[in-house]
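The listed protein sequences derive, respectively, from chains Y and W.
Counting from 22, one number per residue, gives the positions in the first sequence under the numbering used here.
Counting from 71, one number per residue, gives the positions in the second sequence under the numbering used here.
Glycine included, C-beta positions come from ideal geometry on N, C-alpha and C.
What you are looking at is a predicted structure, and each value in this text was computed from that prediction instead of being measured.
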Amino acid sequence: MGQTLYDKLWHSHLVEQRDDGTALIYIDRHLLHEVTSPQAFEGLRLAGRQPRRISANIAVPDHNVSTLSTERKAGLQALPDAVSRIQLQTLDDNCAHFAIPEIPLNDPRQGIVHVMGPEQGATLPGMTIVCGDSHTSTHGALGALAHGIGTSEVEHVLATGCLIQRKMKNFRINVEGQLAPGVTAKDMALAIIGAIGTAGGTGFALEFAGSAVRDLTMEGRMTLCNMAIEAGARAGLVAVDDTTLDYVRGKPFAPVGDLWTQAETWWRTLHSDDDALFDREITLQAIDIAPQVTWGTSPEMVTGVNGRVPSLDEMTSDTARDGLARALDYMGLSGGMAITDIRPDVVFIGSCTNSRIEDLRAAAAVVKGRTVAPSIEQALVVPGSGLVKQQAEAEGLDRIFLEAGMEWREPGCSMCLAMNADKLKPGQRCASTSNRNFEGRQGFGGRTHLVSPAMAAAAAVTGHFVDVRDLPTLAQEGAA
Amino acid sequence: MQAFTVHKGLVAPMDRANVDTDLIMPKQFLKSIKRSGFGPNLFDELRYLDEGQPDSDNSKRPKNPDFPLNFPRYEGASVLLARENFGCGSSREHAPWALVDFGFRCIIAPSFADIFRSNCFKNGLLPIALDAAIVDDLFKAMYDNEGYSLEIDLEQQLVLTPDGHRIPFEVDGFRRDCLLKGLDDIGITLQSEAAISAFEAQHAQRFPWVFQTLEV
Numbered sequence: 022m023g024q025t026l027y028d029k030l031w032h033s034h035l036v037e038q039r040d041d042g043t044a045l046i047y048i049d050r051h052l053l054h055e056v057t058s059p060q061a062f063e064g065l066r067l068a069g070r071q072p073r074r075i076s077a078n079i080a081v082p083d084h085n086v087s088t089l090s091t092e093r094k095a096g097l098q099a100l101p102d103a104v105s106r107i108q109l110q111t112l113d114d115n116c117a118h119f120a121i122p123e124i125p126l127n128d129p130r131q132g133i134v135h136v137m138g139p140e141q142g143a144t145l146p147g148m149t150i151v152c153g154d155s156h157t158s159t160h161g162a163l164g165a166l167a168h169g170i171g172t173s174e175v176e177h178v179l180a181t182g183c184l185i186q187r188k189m190k191n192f193r194i195n196v197e198g199q200l201a202p203g204v205t206a207k208d209m210a211l212a213i214i215g216a217i218g219t220a221g222g223t224g225f226a227l228e229f230a231g232s233a234v235r236d237l238t239m240e241g242r243m244t245l246c247n248m249a250i251e252a253g254a255r256a257g258l259v260a261v262d263d264t265t266l267d268y269v270r271g272k273p274f275a276p277v278g279d280l281w282t283q284a285e286t287w288w289r290t291l292h293s294d295d296d297a298l299f300d301r302e303i304t305l306q307a308i309d310i311a312p313q314v315t316w317g318t319s320p321e322m323v324t325g326v327n328g329r330v331p332s333l334d335e336m337t338s339d340t341a342r343d344g345l346a347r348a349l350d351y352m353g354l355s356g357g358m359a360i361t362d363i364r365p366d367v368v369f370i371g372s373c374t375n376s377r378i379e380d381l382r383a384a385a386a387v388v389k390g391r392t393v394a395p396s397i398e399q400a401l402v403v404p405g406s407g408l409v410k411q412q413a414e415a416e417g418l419d420r421i422f423l424e425a426g427m428e429w430r431e432p433g434c435s436m437c438l439a440m441n442a443d444k445l446k447p448g449q450r451c452a453s454t455s456n457r458n459f460e461g462r463q464g465f466g467g468r469t470h471l472v473s474p475a476m477a478a479a480a481a482v483t484g485h486f487v488d489v490r491d492l493p494t495l496a497q498e499g500a501a
Numbered sequence: 071m072q073a074f075t076v077h078k079g080l081v082a083p084m085d086r087a088n089v090d091t092d093l094i095m096p097k098q099f100l101k102s103i104k105r106s107g108f109g110p111n112l113f114d115e116l117r118y119l120d121e122g123q124p125d126s127d128n129s130k131r132p133k134n135p136d137f138p139l140n141f142p143r144y145e146g147a148s149v150l151l152a153r154e155n156f157g158c159g160s161s162r163e164h165a166p167w168a169l170v171d172f173g174f175r176c177i178i179a180p181s182f183a184d185i186f187r188s189n190c191f192k193n194g195l196l197p198i199a200l201d202a203a204i205v206d207d208l209f210k211a212m213y214d215n216e217g218y219s220l221e222i223d224l225e226q227q228l229v230l231t232p233d234g235h236r237i238p239f240e241v242d243g244f245r246r247d248c249l250l251k252g253l254d255d256i257g258i259t260l261q262s263e264a265a266i267s268a269f270e271a272q273h274a275q276r277f278p279w280v281f282q283t284l285e286v
């Protein structure tokens with residue numbers, strides 16, 4: 022019997038299988054950031070332990086950094102929020118103490134850990150990759166086994182180089198055919214979550230397959246795998262192909278010469294065998310996917326932009342009715358209203374889901390030649406890394422955003438989780454390219470609608486949600 | 071880690087599905103570099119009427135009178151009764167740290183998110199998944215009976231109700247062992263040091279590029 026991609030990654034990292042069903046899995050790469058690591062380092066210190074393999078680790082500050090260029094230029098010591106300053110300083114101190122490589126705050130390679138990893142070639146196909154952040158699933162786009170861990174596990178990986186795991190089940194999600202123009206990997210991810218629910222992937226490794234997935238760029242695949250956790254799955258995966266290898270080749274930490282040749286031979290085996298068995302499998306048709314907009318407080322509360330907010334009388338159980346009533350109340354929406362009648366106050370383009378160059382290009386293509394609607398109080402564009410920022414500036418995207426009345430910020434997690442100063446005010450409504458629309462996620466009392474970069478940009482210039490396909494970009498008009 | 075053998079405690083409700091870790095422990099408290107002290111901010115956005123900050127004096131903040139954990143009848147609760155997909159979202163271990171710091175030792179729900187469940191076990195907090203219908207019955211019994219308590223026997227894998235029902239539950243054998251003995255994972259894994267070293271040597275031969283030093 023053949024193996025799935027997940028099976029291959031699992032077996033190639035299996036140190037020890039125990040009788041009780043748990044296993045010891047070797048970890049190739051461990052990514053660290055300032056929020057979930059301090060208590061782990063403290064644990065190491067208290068136990069008198071050292072990191073087992075220094076070269077497995079790489080750290081970067083991202084969650085809690087300022088995105089204002091004035092504050093960034095002034096350096097860490099000038100950061101007004103003392104609690105944040107201590108946390109960022111603690112990462113620097115811990116990395117220095119334990120000799121762990123760290124990309125510092127104002128290095129051009131600094132960025133969101135899940136943007137930096139693939140961009141630097143620090144995360145590669147075939148690796149086991151962990152990080153104290155649930156969106157580590159992003160790196161599965163490279164054909165790697167990547168998932169989030171808690172802080173106790175961060176300490177465990179530092180100390181032992183391994184993780185205690187129980188093998189997950191295999192779930193393949195096929196998306197066949199071609200996405201319509203204007204429909205993106207983000208819409209695919211949200212449509213999948215809408216189909217299987219936020220707990221649909223619990224206990225599974227999700228493999229995304231089918232022609233529409235193979236047609237995605239690496240950026241698109243990262244967006245898709247990023248949101249596997251929003252479907253309840255710790256890990257998302259896409260098989261290695263030429264798109265993967267073309268992306269990885271030439272990255273700073275990618276192998277070269279004979280090592281590349283050796284690596285490529287292994288990487289090309291990283292796909293599910295034709296006769297591999299999956300515990301669950303579903304197939305979606307790409308053509309059925311419209312641009313998606315979430316209307317509620319869970320990513321599964323999602324519909325196409327031309328849809329409506331559901332009504333209480335459509336609910337079949339008390340729990341569902343209560344959940345919908347609470348979500349509508351929190352979101353300030355009424356059942357049955359058209360999605361296109363929802364008017365955001367804020368637009369956020371960024372996060373580990375959608376802050377890569379392709380995302381910024383898509384947003385800029387919509388914004389170009391237009392201005393932000395008067396009702397929009399703030400429109401933030403936050404590139405995923407310093408290198409993404411440089412590339413965008415080289416292409417003139419920053420000018421397009423600034424001329425439209427948007428803000429062009431320094432890289433970081435920013436308003437996706439709103440740990441820093443970038444957050445919604447109570448009651449504010451946001452069109453956001455991030456990954457979670459939970460209550461309070463983007464700020465106390467804030468209301469989040471998850472969308473693609475193009476859809477966020479379209480909402481920014483029109484003042485309400487609109488089908489981006491009805492809003493021709495200047496580029497498309499020129500081509501027509 | 072605090073061992074868990076038998077625990078009897080007052081039950082409190084968190085009666086909604088898909089409770090995420092942002093709701094359990096909002097992001098502004100994640101700036102702390104400590105492991106303790108999160109209890110007063112557990113479910114912060116539901117428990118208080120204002121927006122809490124890491125330096126707030128929580129004793130002076132207005133409490134939400136409609137939030138069950140603020141009801142006198144649930145004061146001192148150590149067993150949390152919840153709905154499906156409890157703990158979804160972020161991997162923040164601050165969520166179980168806050169639950170433990172508040173005084174919870176056990177959570178009963180129809181299902182849990184994977185990372186959260188794993189984080190619970192590492193902090194002496196026992197997540198018990200029971201049939202949705204059974205959880206529903208427990209909710210009803212709890213609402214109907216002030217002072218409703220449950221006894222959880224991990225050794226026998228039983229939840230014992232006040233009216234004498236014995237509800238069996240499943241738990242990962244390894245996790246059960248660690249909880250019963252209060253063992254931490256790192257000590258256990260380090261006993262396999264020889265196996266790890268042998269694997270690592272062979273792994274480095276097979277995938278040498280993985281072991282390249284990262285010069286930043």
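> Are the C-beta of Thr259/W and some C-beta of chain Y separated by less than 9 Å?
Replying inline: The residue you call residue 259/W lines up with position 189 of the second sequence. Yes, Thr259/W counts as interfacial toward chain Y.
> Straight-line CA distance for Tyr268/Y to Tyr27/Y?
Replying inline: Taking the first sequence and counting its residues from 1, the one referred to as residue 268/Y is at position 247. Taking the first sequence and counting its residues from 1, the one referred to as residue 27/Y is at position 6. Spanning the two alpha carbons is a distance of roughly 21 Å.
>> The alpha helix (DSSP H) that contains Glu414/Y, what's its start and end?
In response: The residue labelled residue 414/Y in the question sits at position 393 within the first sequence. Segment 407 to 415, the alpha helix (DSSP H) holding Glu414/Y.
> Going by DSSP, what residues sit across from His77/W in a beta bridge?
Replying inline: Taking the first residue of the second sequence as 1, we reach residue 77/W at position 7. Note: His77/W sits in a beta bridge opposite Ile222/W.
>> In the DSSP assignment, the alpha helix (DSSP H) including Glu379/Y goes from what residue to what residue?
In response: As a working note, residue 379/Y is residue 358 in the first sequence. For Glu379/Y, the enclosing alpha helix (DSSP H) begins and ends at 378 to 388.
> So which residues on chain Y does Ala265/W lean against when the C-beta distance must stay under 9 Å?
Replying inline: Reading the second sequence from its first residue, position 195 is the one you call residue 265/W. Correct list: Val36, Glu37, Leu45.
> To which residues of the same chain is Glu416/Y closer than 7 Å at the C-beta, ignoring the five residues directly before and after it?
Replying inline: The count along the first sequence starts at 1 and reaches residue 416/Y at position 395. Contacts found: none.
> Within 9 Å (strictly less), CB to CB, does Ala99/Y reach chain W?
Replying inline: Position 78 of the first sequence, counted from the start, is the residue given in the question as residue 99/Y. Taking Cβ atoms only, chain W never reaches closer than 9 Å to Ala99/Y, which makes this a no.
> If we count the other Cβ atoms within 10 Å of its Cβ and call it buried at 16 or more, is Gly499/Y buried or exposed?
Replying inline: Sequence index remark: in the first sequence, residue 499/Y carries index 478 (1-based). With a pLDDT of 42 at Gly499/Y, under the threshold of 50, the predicted position of this residue should be treated as unreliable, though the coordinate-derived value follows. Classification of Gly499/Y: exposed, given that the 10 Å Cβ count is below 16.
>> Buried or exposed, going by whether 16 or more other CB atoms sit within 10 Å of the CB of Lys104/W?
In response: Sequence index remark: in the second sequence, residue 104/W carries index 34 (1-based). Lys104/W comes out exposed.
> With respect to 8 Å, is the separation between the Cβ of Pro474/Y and the closest non-hydrogen atom of the ligand COA below this value?
Replying inline: The ligand COA is not part of the structure shown, which contains no ligands of any sort.
> What residues from chain Y crowd round Leu284/W, counting only those whose CB sits closer than 7 Å?
Replying inline: What you label residue 284/W is simply residue 214 of the second sequence in a count that begins at 1. Under a criterion of Cβ atoms nearer than 7 Å, the residues of chain Y adjacent to Leu284/W are, in order, Ser76, Ile79, Pro122, Ala143, Phe274.
>> Tell me the DSSP secondary structure of Ile150/Y in three-state form.
In response: Residue numbering aside, residue 150/Y sits at position 129 when the first sequence is read from its first letter. Three-state DSSP puts Ile150/Y in a strand.
>> For Arg153/W and Ala199/W, which I take to be in contact (beta-carbon distance under 8 Å), what is that distance rounded to the nearest angstrom?
In response: Taking the first residue of the second sequence as 1, we reach residue 153/W at position 83. Taking the first residue of the second sequence as 1, we reach residue 199/W at position 129. Wrong, their Cβ atoms sit about 12 Å apart, outside the cutoff.
> Name the DSSP beta bridge partners of Arg187/Y, please?
Replying inline: As a working note, residue 187/Y is residue 166 in the first sequence. Bridge partners of Arg187/Y: Thr43/Y.
> With DSSP run on the structure shown, which of helix, strand or coil describes Cys16/Y?
Replying inline: Outside the displayed range of chain Y (22 to 501) lies residue 16/Y, so it cannot be described from this structure.
>> Tell me the DSSP secondary structure of Ala103/Y in three-state form.
In response: The residue you call residue 103/Y lines up with position 82 of the first sequence. Correct three-state label for Ala103/Y: helix.
> Cα-Cα, which of Ile204/W, Val81/W, Gly107/W is closest to Ser181/W?
Replying inline: On the second sequence, position 111 is the one that residue 181/W refers to. Comparing Cα-Cα distances from Ser181/W to each of Ile204/W, Val81/W, Gly107/W, the minimum goes to Ile204/W.
> Between Lys444/Y and Gly407/Y, is the Cβ-Cβ spacing less than 9 Å?
Replying inline: Position 423 of the first sequence, counted from the first residue, corresponds to residue 444/Y. Position 386 of the first sequence, counted from the first residue, corresponds to residue 407/Y. Cβ atoms of Lys444/Y and Gly407/Y: not closer than 9 Å.
>> For a contact defined as C-beta to C-beta under 7 Å, what are the partners of Lys192/W on chain Y?
In response: Along the second sequence, one-based indexing puts residue 192/W at 122. Ordered by position in chain Y, the residues that pass the 7 Å Cβ test against Lys192/W are Gly171, Ser173.
> Since Ala179/W contacts Ile94/W with CB under 8 Å, what's their CB separation in whole angstroms?
Replying inline: The residue given as residue 179/W occupies position 109 in the second sequence. The residue given as residue 94/W occupies position 24 in the second sequence. Taking a contact as a CB-CB distance under 8 Å, the pair Ala179/W and Ile94/W does not count as one, their CB atoms being some 13 Å apart.
>> Contact defined as beta carbons within less than 8 Å: I believe Phe229/Y pairs with Val277/Y. What is the distance between those atoms, to the nearest angstrom?
In response: Here residue 229/Y refers to the residue found at position 208 of the first sequence. Here residue 277/Y refers to the residue found at position 256 of the first sequence. With 8 Å as the limit, Phe229/Y and Val277/Y do not qualify as a contact, their Cβ atoms being about 29 Å apart.
>> Please list, in chain order, the chain Y residues whose beta carbon lies closer than 7 Å to that of Ser160/W.
In response: Here the question's residue 160/W lines up with position 90 in the second sequence. Scanning chain Y for C-beta atoms nearer than 7 Å to the C-beta of Ser160/W yields Ser155, reported in chain order.
>> Give me the subset of the segment 449 to 470 of chain Y whose CB atoms are less than 9 Å from a CB atom of chain W, sorted by chain position.
In response: Within the segment 449 to 470 of chain Y, the residues whose Cβ lies closer than 9 Å to some Cβ of chain W are Arg457, Phe459, Glu460, Gly461, Arg462, Gly464, Phe465, Gly466, listed in chain order.
>> If you follow the alpha helix (DSSP H) that Pro59/Y is in, where does it begin and where does it stop?
In response: In the first sequence, counting from the first residue as 1, residue 59/Y sits at position 38. Counting along the chain, the alpha helix (DSSP H) containing Pro59/Y begins and ends at 59 to 68.
> Taking Cβ positions, are Leu471/Y and Val387/Y nearer each other than 9 Å?
Replying inline: Taking the first residue of the first sequence as position 1, residue 471/Y is located at position 450. Taking the first residue of the first sequence as position 1, residue 387/Y is located at position 366. Result no, Cβ atoms of Leu471/Y and Val387/Y do not sit closer than 9 Å.
> From the beta carbon of Val280/W, is the nearest beta carbon of chain Y less than 9 Å away?
Replying inline: As a first step, residue 280/W must be located in the second sequence, where it is residue number 210. Contact of Val280/W with chain Y is assigned, a C-beta pair being separated by under 9 Å.
> Expressed to the nearest angstrom, what Euclidean distance is found between the alpha-carbon atoms of Leu227/Y and Pro166/W?
Replying inline: What you label residue 227/Y is simply residue 206 of the first sequence in a count that begins at 1. What you label residue 166/W is simply residue 96 of the second sequence in a count that begins at 1. If you draw a straight line from the Cα of Leu227/Y to the Cα of Pro166/W, it is about 26 Å long.
>> In chain order, what are the residue ranges of uninterrupted beta strand (DSSP E) at least 3 long that sit wholly in the segment 218 to 291 of chain Y?
In response: If we require 3 residues or more, the beta strand (DSSP E) runs fully inside the segment 218 to 291 of chain Y come out as 225 to 230, 256 to 258.
>> My assumption, with CB atoms under 8 Å, is that Glu37/Y sits in contact with Leu45/Y. Please give the rounded CB distance.
In response: As a first step, residue 37/Y is located in the first sequence; it is residue number 16 there, counting from the start. As a first step, residue 45/Y is located in the first sequence; it is residue number 24 there, counting from the start. Glu37/Y to Leu45/Y, Cβ: 4 Å. Contact.
> What's the C-alpha gap between Ile133/Y and Met212/W?
Replying inline: As a position in the first sequence, residue 133/Y is number 112, starting the count at 1. As a position in the second sequence, residue 212/W is number 142, starting the count at 1. Cα to Cα, the separation comes out at about 45 Å.
> Would you report the Cα separation of Arg276/W and Ala284/Y, rounded to the nearest angstrom?
Replying inline: Indexing the second sequence from 1 puts residue 276/W at position 206. Indexing the first sequence from 1 puts residue 284/Y at position 263. Annotation: Arg276/W to Ala284/Y spans about 9 Å, alpha carbon to alpha carbon.
> Could you check where the beta strand (DSSP E) with Ala199/W kicks off and where it finishes?
Replying inline: Your numbering for residue 199/W matches position 129 in the second sequence. Segment 196 to 199, the beta strand (DSSP E) holding Ala199/W.
>> Just to confirm before moving on: does the CB-CB distance between Ser173/Y and Asn115/Y stay below 9 Å?
In response: In the first sequence, counting from the first residue as 1, residue 173/Y sits at position 152. In the first sequence, counting from the first residue as 1, residue 115/Y sits at position 94. Going by C-beta atoms, Ser173/Y is not nearer than 9 Å to Asn115/Y.
> Where do the N-terminal and C-terminal ends of the alpha helix (DSSP H) with Arg347/Y fall, by residue?
Replying inline: Taking the first residue of the first sequence as 1, we reach residue 347/Y at position 326. Element bounds for Arg347/Y: 339 to 352.
>> What are the residues in the segment 219 to 241 of chain Y lying within 8 Å of chain W by C-beta distance?
In response: Answer in chain order: Thr219, Ala220, Thr223, Gly224.
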